[in-house]
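Peer 1:
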Amino acid sequence: MRELVYKRGYAKLNKQRVAIGDNAVVEAGLGHLGLMCVEDLIHEIYTVGPHFKEANNFLWTFKLSSPLGGLERKLSHFIEGGQAGNREDKINALVSRML
5 MRELVYKRGY AKLNKQRVAI GDNAVVEAGL GHLGLMCVED LIHEIYTVGP
55 HFKEANNFLW TFKLSSPLGG LERKLSHFIE GGQAGNREDK INALVSRML
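Counted the way my numbering counts, the sequence shown spans residues 5 to 103.
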């Protein structure tokens, strides 16, 4: 989660997409809730804290690239050896290929 926010994290600030480059962006958007830095934002989302909804709405949707190496046999389900469907614990490996 931390790597995803630092690499691909954008915030909704004044209805615009702003890169989370430093703590000033988080403080400007969520400072009134006590979230002053990127680590506070990550902790709030990861632990589903009391201000989870506001923190989650503050983040813009992550835009990921295609996975390195591509997808193979995406027509069949993941259980049958394809790429589509529920990956359960193997989703982290796919997301890391997409960063």
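Positions of the beta carbon are idealized from the N, C-alpha and C atoms, including for glycine.
Mind checking which residues open and close the beta strand (DSSP E) that includes LYS16?
Peer 2: Run containing LYS16: 14–17, per the beta strand (DSSP E) assignment.
Peer 1: Who are the Cβ neighbours of ASN61 in its own chain at under 8 Å, not counting the five residues just before and after it?
Peer 2: LYS16.
Peer 1: Can you give me the C-alpha to C-alpha distance between MET40 and HIS47, rounded to a whole angstrom?
Peer 2: Going from the Cα of MET40 to the Cα of HIS47 covers about 11 Å.
Peer 1: Let me know the beta strand (DSSP E) ranges lying completely inside the stretch 16–75, each 3 residues or longer, listed in chain order.
Peer 2: Those beta strand (DSSP E) runs which fall completely within the stretch 16–75 and span 3+ residues are 20–23.
Peer 1: Does the distance from the C-beta atom of TYR10 to that of VAL22 stay below 9 Å?
Peer 2: Not in contact: TYR10 and VAL22 (Cβ atoms no closer than 9 Å).
Peer 1: Where do the ends of the alpha helix (DSSP H) carrying MET5 lie?
Peer 2: Taken as a continuous stretch (DSSP letters only), MET5 belongs to no alpha helix (DSSP H), as it is neither H nor E.
Peer 1: Does the separation of the CB atoms of PHE56 and LEU8 fall below 9 Å?
Peer 2: Against a cut-off of 9 Å, the Cβ pair of LEU8 and PHE56 comes out as no contact.
Peer 1: Identify, in the order they occur along the chain, each residue of the same chain with its Cβ nearer than 8 Å to the Cβ of GLY4, setting aside the five sequence neighbours on each side.
Peer 2: Beyond the ends of the chain as shown, which are 5 and 103, falls residue 4; an answer cannot be given.
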